[in-house]
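Asker:
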Amino acid sequence: HQHQQRQVKAFACCACPRSFARKHDLQRHIRVHTGAKPYSCLNCTKAFARTDALKRH
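Structure representation (C-alpha cells):
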C-alpha cells in the first residue's frame, strides 16, 4: 500500500467549494469564474485564460 500525504489546502475559492495548496493555483482557478483571458495570441484575435493553452494554440 502506498502512503499518501494529504496536502493542506489553505487557499479556498469564494465562488465554489474548490481549494488549493498554492495561492497561484487559486488565482489561476478564479479565471474560471471571472472569464478573464489575459493571454492573447499575437497572430489572431484569440485569448486564453492560461499560458499553456496559448502555447498549444
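Per this note's numbering, residue 5 is the first one in the sequence shown, and the count goes up by one each step.
Each residue gets a CB set at the ideal place from its N, CA and C atoms; glycine is no exception.
Can A51 and K41 be called in contact, C-beta distance under 9 Å?
Answerer: Taking 9 Å as the Cβ cut-off, A51 and K41 qualify as a contacting pair.
Asker: In the DSSP assignment, find the unbroken alpha helix (DSSP H) run with A57 in it and report its ends.
Answerer: Start and end: 55 to 60.
Asker: Are the CB atoms of A16 and L30 within a distance shorter than 9 Å?
Answerer: Yes, Cβ-Cβ distance for L30 and A16 is below 9 Å.
Asker: Alpha carbon to alpha carbon, how far is H37 from H61? Give it in angstroms, no decimals.
Answerer: The alpha-carbon atoms of H61 and H37 are separated by roughly 22 Å.
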